[in-house]
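What follows is a short report on a single structure.
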Amino acid sequence: MSINVIGTGAYLPPKVVTNQELATMLDISPEWIERRTGIKERRFATEDTLLSMAVKASLKALENFDKNVDFIVAHSSSVEESFPSLSSSIAKELGIKPKLAFDLVSGCTGFLQALLTASSAMEQFNLNTALVVASEHLSKHLDFSDRDTAIIFGDGAGALLLEKSTGNDFIIGYDLGTMVERKDSLSLKAGTTSKIKMRGTEVFRFAVRALTRSIENSLKKAGIGPEELDFIIPHQSNSRILESANKILQIPEEKIISHLTYYGNTGSASIPIAIDLATREGKLQQGQKILFTSYGAGLSWTSLLVEWRTGKEEWSCILETVFQGY
Numbered sequence: 121m122s123i124n125v126i127g128t129g130a131y132l133p134p135k136v137v138t139n140q141e142l143a144t145m146l147d148i149s150p151e152w153i154e155r156r157t158g159i160k161e162r163r164f165a166t167e168d169t170l171l172s173m174a175v176k177a178s179l180k181a182l183e184n185f186d187k188n189v190d191f192i193v194a195h196s197s198s199v200e201e202s203f204p205s206l207s208s209s210i211a212k213e214l215g216i217k218p219k220l221a222f223d224l225v226s227g228c229t230g231f232l233q234a235l236l237t238a239s240s241a242m243e244q245f246n247l248n249t250a251l252v253v254a255s256e257h258l259s260k261h262l263d264f265s266d267r268d269t270a271i272i273f274g275d276g277a278g279a280l281l282l283e284k285s286t287g288n289d290f291i292i293g294y295d296l297g298t299m300v301e302r303k304d305s306l307s308l309k310a311g312t313t314s315k316i317k318m319r320g321t322e323v324f325r326f327a328v329r330a331l332t333r334s335i336e337n338s339l340k341k342a343g344i345g346p347e348e349l350d351f352i353i354p355h356q357s358n359s360r361i362l363e364s365a366n367k368i369l370q371i372p373e374e375k376i377i378s379h380l381t382y383y384g385n386t387g388s389a390s391i392p393i394a395i396d397l398a399t400r401e402g403k404l405q406q407g408q409k410i411l412f413t414s415y416g417a418g419l420s421w422t423s424l425l426v427e428w429r430t431g432k433e434e435w436s437c438i439l440e441t442v443f444q445g446y
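So the sequence shown is numbered by this note's numbering: it starts at 121 and just counts up by one.
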């Protein structure tokens, strides 16, 4: 199915938490944190809620759009209430009346699974537009006696606005899977006082293997080589995972888009945040081949290779045709 990405948005709360602050709490050095994760600082939500971050990211994605949105699908690993859905609350705050609105809960792979869901629903149910949102308030679930988790996670939200189009398929390659026998390696129980539990070494080894194989499988299904990729936007979890996987993949560093150093691991929001930053920096251009890849709770992985489309080129071509001869 052909889709244009007609809007992107991201929101990061203003409170910056440096390695020095965490190092003091955890009795370690700031250098140890950066060496282990590649992270220098992250953002913690103090005044913002899960909903307010989602709404602020969505408003940016919708800033040049003046129509109703047919479908909203939201993801969060840190939901604050079972119902109403986060997507319904987003719709109310935005003054939107979608035909369909629901949430997914799937850990760090959740945004890409929400993107798949949006694409499928748009095709199956003849929906013209969809808002895909991921928002995470993970700092409230950190155990500051656990070095494996306390040094990694941060808060934030990202959103993409999709519109049905004509032409080539948006998703041109993919790979997905779940290793359910390892599901307890990464967990977060329901409830606002629950804490993230992670078997760090086990998750690290899984992530490196899953990332490497998933990228290779996605490229193979699309019939292209790594050299034909314009960019790869991975889940922003840990620089050592990316570095270990890339020893095999050999993707040039300039093709890897990452904001991990200054925002940390924002869970399912990390990819849409990176998409928005890259879009506003002018990196993502019409027709580029971009690979999104994520891994996390489940233990699961999802990779989507897309042909990036914004619809701007098609519109300029229409105008050129209309005004020919004038």
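A virtual CB, placed ideally from N, CA and C, is assigned to each residue, including glycine.
Item: Measuring alpha carbon to alpha carbon, tell me which residue in Tyr383, Lys409, Leu349 and Glu348 is nearest histidine 355.; Value: Tyr383
Item: What are the start and end residues of the alpha helix (DSSP H) that includes glutamate 151?; Value: 150-157
Item: Alpha carbon to alpha carbon, how far is leucine 362 from asparagine 139? Give it in angstroms, no decimals.; Value: 20 Å
Item: Throw me the rounded Cβ distance for the valine 252 and isoleucine 210 pair, which I believe falls under 8 Å.; Value: The Cβ separation is near 11 Å, so there is no contact.
Item: Have a look at Glu374, Ser255 and Arg319 and flag the residue whose alpha-carbon is nearest the alpha-carbon of aspartate 275.; Value: Ser255
Item: For lysine 135, which of helix, strand or coil comes out of DSSP?; Value: strand
Item: Which residues mark the beginning and the end of the alpha helix (DSSP H) in which serine 208 is found?; Value: 206-214
Item: Asparagine 366 to alanine 250, Cα distance in whole Å?; Value: 33 Å
Item: Counting Cβ pairs, one atom from each stretch, are 3 or more of them under 8 Å apart for the segment 384-394 and the segment 227-236?; Value: yes
Item: Tell me whether methionine 173 sits in a helix, a strand or coil according to DSSP, three-state version.; Value: helix
Item: List the DSSP bridge partners of valine 193.; Value: Phe222 and Val252
Item: May I have the straight-line CA-CA distance separating leucine 132 from arginine 163, to the nearest angstrom?; Value: 7 Å
Item: Helix, strand or coil for alanine 234? Go by DSSP, reduced to three states.; Value: helix
Item: Any idea what DSSP makes of isoleucine 123, helix, strand or coil?; Value: strand
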